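Residue 1092 is where the sequence shown starts when you use the numbering used here, and the numbers rise one by one after that. For glycine and all other residues, C-beta sits at the position ideal for the given N, C-alpha and C. Predicted model, so just to flag it, every value in this text is computed and none were measured.
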Amino acid sequence: MTDTIFPDVPTLGERARAALGRRNLVFVGLMGAGKSAIGRMVAGQLGLPFVDTDVEIERVSRMTISELFAAYGEDEFRALETRVIKRLLKSGPRVVSTGGGAFINEKTRRQIEKGGISLWLNADLDVLWERVNKRDHRPLLKTENPKKTLEDLMQKRYPVYALADISVVSRDVRKEIIANEVLASIIDYTAKAASKND
């Protein structure tokens, strides 16, 4: 009796990594969508480094995001964010999680389009609110009615997030499920892009 030899079947992560090639994977979406948590998990499965742009901005400026907003205002913060993202995308491939306003800024969006595949983690208001209302470190939500502010941000930003290459619904299921959907969507997106170019 001979042993059956099964060929090595690549994992979902390995297949997605091959599909990604030298490109970065850039997570976009509103605060609370899970960009950092899912991004870290996906980076692990892809075997790529993970960078959170807010953490990187705080590191290079030696100030928190809230302090930067208070000291310099949103316009200056966005200019710094664009510079940091441009630098990060040049030294890829890697998985990058961006702040909620990054993709809204046209200059930053162009850098992301040039430097990788953008992926929108799309969550509804109740999911986002459940995740963000427990902590008060988000400068844009320091308002009279933070849930209404969040809803207003969704109305304004979702049409722009919809320009991302890929969209995956972020919802209350295990993070592994969302991460696997992200990996599958990378494979699907690159296959469709390749067939368009044939």
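Residue environment, residue i, which counts as buried when at least 16 other CB atoms sit within 10 Å
i: T1173; result: buried
i: L1139; result: buried
i: S1188; result: buried
i: D1215; result: exposed
i: D1143; result: buried
i: Q1136; result: buried
i: R1150; result: exposed
i: Q1202; result: buried
i: G1183; result: buried
i: G1125; result: buried
i: G1123; result: buried
i: I1268; result: exposed
i: S1261; result: buried
i: N1196; result: buried
i: A1161; result: exposed
i: V1146; result: exposed
Best match in the options for proximity to residue i [C-alpha to C-alpha]
i: G1190; options: G1112, G1130 and P1237; result: G1130
i: V1175; options: V1273, A1134 and G1206; result: G1206
i: R1114; options: E1147, Y1252 and L1179; result: L1179
i: S1152; options: L1171, F1141, D1166 and V1142; result: L1171
i: R1108; options: N1271, L1121 and K1181; result: N1271
i: R1265; options: L1159, K1181, A1128 and M1245; result: A1128
i: V1119; options: V1133, E1147 and R1200; result: R1200
i: Q1246; options: L1121, L1111 and A1110; result: L1121
i: D1217; options: K1238, V1117 and K1233; result: K1238
i: V1186; options: L1111, K1287, D1263 and S1286; result: L1111
i: V1133; options: V1273, K1287 and V1223; result: V1273
i: L1116; options: E1204, K1225, E1167 and L1159; result: E1204
Counterpart residues of residue i in DSSP-defined beta bridges
i: L1210; result: F1118 and I1257
i: S1188; result: F1118 and D1143
Contact set for residue i: own chain, Cβ-Cβ below 7 Å, skip 5 residues either direction
i: G1192; result: R1169
i: T1033; result: Within the shown structure, residues of the chain are numbered from 1092 to 1289, placing residue 1033 beyond reach of any answer.
i: K1283; result: none
i: D1263; result: V1218
i: K1177; result: Q1202
i: K1198; result: T1173
Chain-order list of residues whose beta-carbon lies under 8 Å from that of residue i (same chain, five-residue window excluded)
i: L1219; result: L1121, M1122, G1123, A1124, L1241 and M1245
i: V1259; result: L1210, W1211, L1212, N1213, I1269, E1272, V1273 and S1276
i: V1251; result: F1194, I1195 and R1200
Residues of its chain near residue i, where Cβ-Cβ distance is below 6 Å and the 5 sequence neighbours each way are ignored
i: N1224; result: none
- How about the region 1102-1110 and the region 1274-1284: do they share at least three Cβ pairs that are nearer than 8 Å? yes
>> So, does the region 1209-1218 touch the region 1242-1255, judging by three or more C-beta pairs under 8 Å?
In response: yes
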